[in-house]
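Q:
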């Protein structure tokens, strides 16, 4: 790892901590300091005692020999990740009484301060209102307005192309598996746009061992008590695999914003957090692909009505779909704002 | 694995499948049959094609060479785990059209049958009533009635013994870690009996890397959509570690029964399922220890009142605790029934 990579990694850590703090977490970081001599003495002593011998590994000794180098690197890491919201606390650990008391007292004082701050804030925070079509977003032309919705493919062309590309996808998925290159594919778009169908054509082509499809519904209560990105983090693919997200973290800046579930400052910072999240995954040598499946408002209406008529499609349409349709104008604005976001990582 | 172990393993699989079926699952097991010659031909063909080469491993060839042995063992396994509720379906897999159609048709028919059965059953099932003190359980004397509640220890004796045993526990936990022997410790008992305190004395003694404490509260909605044992299965310790359950699967035959959350046939079969679950864990060379922390009804009252008076204990007492107290007689009966269960595995 060269210096540039080292600094970048620390910057990521800083942003990650900021994100947690803004979500209400209290972060305390303790660095327990021992002198080189004292560390050596302790390892020796632990090793001599048959009951504690097991807690000393060869790795511990190897690290102890690199003491000076560790100290130098640690100093840099500490300096660059020491912030007001997530401070480092250096504790002299030679005397265990001093060490324990210092840590305990710091935790106590920080908790007390955090709690009084929290309660002060919750008094002045007002619940965010659902967005109305007269929202403050300027209705400018974006890339979505320029999508040519009249494009179509004849049946025969379609099935030929499908076969060709499915074959390629099959082979590429195995090749990515061999190179341990992971892929995240995100599908967003209007209801009835055909996300499910598009995903099915992809999964038909891939070996079932290589992919997972994650459908995003309302969060379970286990998901609700975590940071909103947690439910997606947990499904990040293993090396060489593919995770397909049928709806995703973009819900934070779309449905959660439209419905007023996320407060203004929450979805405001979500843009940055999402960029960071995707960037980190991509920087790791992985692939991120995002699709917005676009249809016009009229086409959506036609499909909704069709779904209501055809028995095996009936379960795909609910009252909620109709309600969401009423918020088309608002959602449209948000989507356009999302599509205007600066391009991130190009690698 | 000798024949006795093989047969026992199959018996366990059978009971496990029965448990899932009784919980409402539909189980279908397909055995796709290929002749020795045909299998050899296919592996060769897969290996020749550069796009499918990766799906053939050395292990596949090793297994192919053991074909006759595999067939013999498979036949036994299939025969012994073929049951009306979880049947095996042998499918001739040489012709892929026949194979696919047979599997699909079987799934379809089984699902249709299962669904019509389910809806028929749900009509006749009545919701189980919460138990009243005039329940049908005979109030016989059990081991709990013979517990001497006047036992006590002087402060000095206590602290000496505590130190000795905590030291032993510390060393034993590491020894178990080295031998990869896992331990499950279950705490049940009356509210305010002191489960939390007992657990804290144990965890003080053990290295924090070696144990986890799982506190059982009302199930999350993620837990509610699984089999009731799933939430405990997921916390089974890794090799050499300890999981301490503060309340456990015994909730099924205690609180869930008292409150009427579990239907009669559900808690009835829970006794067997629990025995099986613990037995399998123990048979694997692991340790299961269960504590019932017992206090008298009067002592509980005294502790409840104390908790309400002392500020830092206040959060430990809720209205629900008082409500639960009213069900003492019922719970007492159930606990006695539980304690009467035949001793299981002695190994």
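Protein chains in written order, with our numbering: chain A, 10 to 356; chain B, 10 to 356.
C-beta atoms are modelled at their ideal positions from N, C-alpha and C, and glycine is treated no differently.
Taking residue 230 of chain A as the query, report the chain B residues whose CB atoms sit under 7 Å from its CB, ordered along the chain.
A: Going along chain B in sequence order, the residues near residue 230 of chain A (Cβ under 7 Å) are 229, 230.
Q: Jot down the residue ranges of each uninterrupted alpha helix (DSSP H) in the region 254 to 341 of chain A, minimum 4 residues, whole runs only, in chain order.
A: Counting whole runs of 4 or more residues, the region 254 to 341 of chain A contains the alpha helix (DSSP H) stretches 264 to 267, 273 to 292, 306 to 318, 328 to 335.
Q: What does the Cβ neighbour count give for residue 259 of chain B, buried or exposed, with the cut at 16 atoms within 10 Å?
A: Buried, because 16 or more other Cβ atoms sit within 10 Å of the Cβ of residue 259 of chain B.
Q: Do residue 172 of chain A and residue 257 of chain A have their beta-carbon atoms positioned less than 8 Å apart in this structure?
A: No.
Q: In chain order, which beta strand (DSSP E) runs of at least 3 residues are fully inside the region 184 to 266 of chain A?
A: Entirely contained in the region 184 to 266 of chain A, the beta strand (DSSP E) runs reaching 3 residues are, in chain order, 192 to 198, 220 to 224, 251 to 255.
Q: Against residue 180 of chain A, what residues of chain B qualify as contacts under a CB-to-CB distance less than 7 Å, listed in chain order?
A: What residue 180 of chain A touches in chain B: 60.
Q: Once you ignore the five residues that flank residue 299 of chain A on each side, which residues in its own chain have a CB closer than 6 Å to its CB?
A: Within the same chain, residue 299 of chain A has close Cβ partners 195.
Q: How about residue 56 of chain B: is its C-beta nearer than 8 Å to some C-beta of chain A?
A: No, its Cβ sits nowhere closer than 8 Å to a Cβ of chain A.
Q: Residue 39 of chain B and residue 80 of chain B look like a contact to me (Cβ under 8 Å); what is the Cβ gap, rounded to whole Å?
A: Not quite, the Cβ-Cβ distance comes to about 16 Å (not below 8 Å), so this is no contact.
Q: Could you give the DSSP three-state label for residue 60 of chain B: helix, strand or coil?
A: Residue 60 of chain B: coil per DSSP, three-state reduction.
Q: Check each candidate in A/340, A/303, A/62 and name the one with the smallest Cα separation from residue 264 of chain A.
A: Of the candidates A/340, A/303, A/62, the one whose C-alpha sits nearest the C-alpha of residue 264 of chain A is A/340.
Q: Report the three-state DSSP secondary structure of residue 344 of chain B (helix, strand or coil).
A: Residue 344 of chain B: helix per DSSP, three-state reduction.
Q: Along chain A, which residues have their Cβ under 8 Å away from the Cβ of residue 172 of chain B?
A: Going along chain A, no residue has its Cβ under 8 Å from residue 172 of chain B, so there is no contact; the nearest lies around 14 Å.
Q: Under three-state DSSP, which class holds residue 101 of chain A?
A: In the structure shown, residue 101 of chain A sits in a strand (DSSP, three-state: E or B).
Q: Please say whether residue 192 of chain B and residue 221 of chain B have beta carbons closer to each other than 8 Å?
A: Taking 8 Å as the Cβ cut-off, residue 221 of chain B and residue 192 of chain B do not qualify as a contacting pair.
Q: Tell me which same chain residues have a C-beta within less than 8 Å of the C-beta of residue 322 of chain A, skipping the five on either side of it?
A: 315, 316.
Q: Report the residue ranges of all alpha helix (DSSP H) runs contained in full by the region 20 to 77 of chain B; include only those spanning at least 4 residues, in chain order.
A: List check, alpha helix (DSSP H) in window: 45 to 57, 67 to 74.
Q: Does chain B have any CB closer than 8 Å to the CB of residue 88 of chain A?
A: No, because no Cβ of chain B sits closer than 8 Å to the Cβ of residue 88 of chain A.
Q: Quick one: list the residues of chain A neighbouring residue 187 of chain B, beta-carbon separation under 8 Å, in chain order.
A: Within 8 Å Cβ-Cβ: 63.
Q: Residue 109 of chain B: buried (16+ other C-beta within 10 angstroms of its C-beta) or exposed?
A: Residue 109 of chain B comes out exposed.
Q: Are the CB atoms of residue 47 of chain B and residue 103 of chain B within a distance shorter than 8 Å?
A: Going by C-beta atoms, residue 103 of chain B is nearer than 8 Å to residue 47 of chain B.
Q: Please go through the same chain and pick out, in chain order, the residues whose beta-carbon is closer than 6 Å to the beta-carbon of residue 161 of chain B, but skip the five residues on each side of it.
A: So no residue of the chain qualifies.
Q: For residue 106 of chain B, which three-state DSSP category applies?
A: Looking at residue 106 of chain B - three-state DSSP - the assignment turns out to be helix.
Q: Distance, Cα to Cα, residue 51 of chain A vs residue 75 of chain A?
A: Looking at the two C-alpha atoms, the distance is approximately 16 Å.
Q: Is there a Cβ of chain D sitting closer than 8 Å to that of residue 183 of chain B, yes or no?
A: Checking the listed chains, one finds no chain D in this structure; the protein chains it contains are A and B.
Q: What residues in its chain sit with their C-beta under 7 Å from that of residue 143 of chain B, if we drop five residues either side in the sequence?
A: Reliability of the predicted coordinates at residue 143 of chain B is poor, the pLDDT of 48 falling under 50, and the value obtained from them is presented with this limitation in mind. Answer for residue 143 of chain B: no residue qualifies.
Q: Which term fits residue 53 of chain A, buried or exposed, when burial requires 16 or more other beta carbons within 10 angstroms of its beta carbon?
A: So residue 53 of chain A ends up on the exposed side.
Q: Indicate whether residue 225 of chain B and residue 186 of chain B have their beta-carbon atoms separated by less than 8 Å.
A: Taking 8 Å as the Cβ cut-off, residue 225 of chain B and residue 186 of chain B do not qualify as a contacting pair.
Q: My assumption, with CB atoms under 8 Å, is that residue 130 of chain A sits in contact with residue 175 of chain A. Please give the rounded CB distance.
A: The Cβ separation is near 53 Å, so there is no contact.
Q: Going by beta carbon distance, what residues of the same chain come within less than 7 Å of residue 275 of chain A, once the five residues before and after it are set aside?
A: Hits under 7 Å: none found.
Q: How is residue 157 of chain A classed by DSSP in three states: helix, strand or coil?
A: Looking at residue 157 of chain A - three-state DSSP - the assignment turns out to be coil, as it is neither helix nor strand.
Q: Excluding the five sequence neighbours on either side, which residues of its own chain have a C-beta within less than 7 Å of the C-beta of residue 281 of chain A, listed in chain order?
A: None.
Q: Whose CA, out of B/181, B/94, B/246, lies closest to the CA of residue 215 of chain B?
A: The residue with the shortest Cα to Cα distance from residue 215 of chain B is B/181.
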